[in-house]
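Heads up, the sequence shown is in numbering that gives the first Met the number 0, so the first residue is 0 and it goes up one at a time.
Every residue gets a Cβ at the ideal spot worked out from N, C-alpha and C, and that includes glycine.
Here's the structure, in structure tokens; my notes come after.
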Amino acid sequence: MINYLNRKRSQKGFTLIELLIVVAIIGIIAAILIPNLLDALQKAKQKRTVGDVRNVGAAWFSWLTDQVGAAAAGAQTYNFAFGTTLTAEELQSTLFPSTTFFYIQTVPKFDGWGNLYEYRLAATLLGAQVMGIRSPGRNDAFETDLYPVGPFIATDYDEDIVWADGFFINYPAGAKVGGG
């Protein structure tokens with residue numbers, strides 16, 4: 000009778016138990032790494048959006064400074080329901096008037112999640128609220144028009160990212176938001 004518990008030296012391969020242990024270990028490693036990978040992807044999209052908003056904001060603020068001087072700042076809240084909404088193409092024509100003189104080469108149309116940015120410009124450039132940019136975040140929905148000035152929890156990827164009149168209004172905690 001063949002004894003299945005004692006393998007001959009000529010037999011090669013793994014037992015079913017050994018294979019199940021390896022598969023279980025791979026499953027545990029995957030369960031640990033996949034959530035971290037997904038969070039890293041969301042952080043990258045958020046950082047791209049903050050960078051885009053900072054760059055367009057700096058260019059737009061330079062344009063405003065050339066037009067009328069610096070805008071007012073220092074409020075505790077910011078109401079984004081002002082002026083008219085511009086498309087990325089309309090803002091592009093303002094910030095890229097010619098190939099020899101421009102504030103920015105390309106105004107992004109979509110944020111890091113693939114959602115449209117909202118660009119706003121007031122009818123008069125001398126008011127308290129002149130220009131603003133906002134991203135709806137991952138959920139593609141603007142939560143409000145009235146934003147408290149300051150950071151939000153960085154892992155809340157559904158939160159709106161808002162820049163207005165030279166400063167970030169609503170932004171992820173820890174993000175590099177200083178300056179125009």
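Whole angstroms are fine: how far does the CA of residue j sit from the CA of residue i?
{"i": "THR84", "j": "TYR118", "result": "6 Å"}
{"i": "TYR156", "j": "GLN104", "result": "28 Å"}
{"i": "TYR116", "j": "GLU17", "result": "53 Å"}
{"i": "GLN128", "j": "ALA163", "result": "8 Å"}
{"i": "MET76", "j": "MET130", "result": "The sequence given here has Thr at residue 76, not Met. If you take the alpha carbons of THR76 and MET130, they lie about 15 Å apart."}
{"i": "LEU120", "j": "GLU89", "result": "11 Å"}
{"i": "GLY50", "j": "THR143", "result": "22 Å"}
{"i": "LYS108", "j": "THR86", "result": "8 Å"}
With residue i and residue j assumed to form a contact (beta carbons below 8 Å), what rounded beta-carbon distance in angstroms separates them?
{"i": "GLY177", "j": "ALA122", "result": "Actually they do not touch by this definition, with Cβ atoms about 29 Å apart."}
{"i": "VAL52", "j": "ILE160", "result": "6 Å"}
Under the rule that 16 or more other beta-carbon atoms within 10 Å means buried, what is residue i, buried or exposed?
{"i": "GLY126", "result": "exposed"}
{"i": "ASP139", "result": "exposed"}
{"i": "ASP110", "result": "buried"}
{"i": "PHE167", "result": "buried"}
Original post:
At a cut of 8 Å, does the segment 27-42 reach the segment 141-152 through at least three beta carbon pairs?
Top reply: no
Original post:
Does the pairing of the segment 92-104 with the segment 41-48 give three or more beta-carbon distances under 8 Å?
Top reply: no
Original post:
Along the chain, which unbroken stretches of the alpha helix (DSSP H) at least 4 residues long are found entirely within the segment 19-107?
Top reply: 87-94
Original post:
Can you find at least 3 beta carbon pairs, one from the segment 126-137 and one from the segment 9-26, that sit closer than 8 Å?
Top reply: no
Original post:
Which residue spans inside the segment 142-175 form an unbroken beta strand (DSSP E) run of at least 3?
Top reply: 145-147, 149-151, 160-163 and 166-171
Subject >> Contiguous beta strand (DSSP E) assignments of at least 3 residues, all confined to the segment 106-133 >> reply: 117-120
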